[in-house]
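These notes concern the structure reproduced below.
In our numbering, the protein residues as written are 692 to 1009.
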């Protein structure tokens, strides 16, 4: 398993080694640009715009951390599980620019992987750190990171590569190498494949792999989701996310920990910077290899406040 997986994960890095310049000049025998080319470009741009809209509306963590300006999201969460009961928590995530220190340096809150994790997997609720933007090309970006959580320093390197695969498909690959006190060096790889199904629906297949000195072998997670937006022309549209998730580990015993299906309902309420999100789900899980698998219902209610310059409303002076 390791050989093909490592090959898959590092294939996108080959594009990093190539110089990312402007579009190459057409070959002498290449036909002139016509309506076929412009139609293809239009369809590709519309697909990218739809995927970007979904990421913005659902608060995609990777997308937030790469915005040009400071952006914070304050989440108030009621996480209910039929076995564990209610857990009330607050989470701050996003980034704040530090222009007086360096235009490339940002103060970041929480981890960038939060979209790829279940609530029970999100252990670093108060994770805070620094992110230094090293370089960015047409498709790729490199950042140096220094996380701080529970008294531990977590220096790391983050690489992202994304682009179009066809008129209706795109990808995003993120590789993060990090060192953490007590856990040593570990690697987290994220691969998202997107395909537009209609003008208002996007299918996403997300895969996450983690491997380190203290991990349970390959800790993996695969999620298939269908994102659909409603009332697009309304002042505050609605978005739905229907998903199915499978997660597991490869050591010391290889087994699937959880099968999960659910739906996320998300909408802005009262103001553009206020979001309400409801996530009912059903888990068929086994937390340890020697335990029996149980069916468990869960429900997550989130109230999110987006702190962004474009969403603020100020009282006009007379």
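Idealized CB from N, CA, C, for every residue including glycine. Note that this is a predicted model, so its numbers are computed, not measured.
Only residues of its own chain outside the window of five on either side were considered, and among them 833 have a CB closer than 6 Å to the CB of residue 826, listed in chain order.
As a beta-bridge residue in DSSP terms, residue 852 pairs with 831 and 864.
Rounded to the nearest whole angstrom, the C-alpha separation of residue 935 and residue 751 is 18 Å.
For the set 882, 915, 909 and 859, the Cα lying nearest the Cα of residue 890 is the one of 859. By the Cβ-count criterion, residue 900 is buried, with 16 or more other Cβ atoms from all chains shown falling within 10 Å of its own Cβ. Excluding sequence positions up to five before and after residue 866, its CB lies within less than 6 Å of the CB of 850 and 880, all in the same chain and listed in chain order. Each of 907, 842, 757 and 916 was checked against the Cα of residue 878, and the nearest Cα belongs to 907. Burial of residue 741 is indicated by the presence of at least 16 other C-beta atoms within 10 angstroms of its C-beta. Under the three-state reduction of DSSP output, residue 904 falls in the coil class, being neither helix nor strand. Beta-bridge partners assigned by DSSP to residue 931: 919 and 956. In summary, residue 970 is buried, with 16 or more beta-carbon neighbours lying within 10 Å of its beta-carbon over all protein chains present. Contact between residue 767 and residue 781 holds, since their C-beta atoms are separated by about 6 Å, short of 8 Å. Under a 10 Å Cβ-count criterion, residue 793 is classified as exposed, with fewer than 16 other Cβ atoms of the shown protein chains found around its own Cβ. Around the CB of residue 959, 16 or more other CB atoms lie within 10 Å, so the residue is classed as buried.
Ranked by Cα distance from residue 820, the options 775, 869 and 779 are led by 869. Of the residues assessed, residue 948 falls on the buried side of the cut-off, its CB having 16 or more other CB atoms within 10 angstroms. It is roughly 31 Å from the alpha-carbon of residue 882 to the alpha-carbon of residue 775. Separation of the CB atoms of residue 974 and residue 955 is rounded to 15 Å, and the pair is thereby denied contact status at 8 Å. DSSP, read as helix, strand or coil, puts residue 744 in helix. Using a 10 angstroms sphere on the CB of residue 946, the tally of other CB atoms stays under 16, which defines it as exposed. Its chain contains 874, 875, 876, 877 and 878 as the residues whose beta carbon lies nearer than 8 Å to that of residue 903, once the 5 sequence neighbours on both sides are disregarded; these appear in chain order. For residue 988, the closest C-alpha among the options 963, 967, 962 and 952 is that of 952. DSSP places residue 756 within a helical segment (H, G or I) once states are collapsed to three.
By the Cβ neighbour-count rule, residue 905 is exposed, with fewer than 16 other Cβ atoms within 10 Å of its own.
Annotated three-state conformation of residue 788 is strand, per DSSP.
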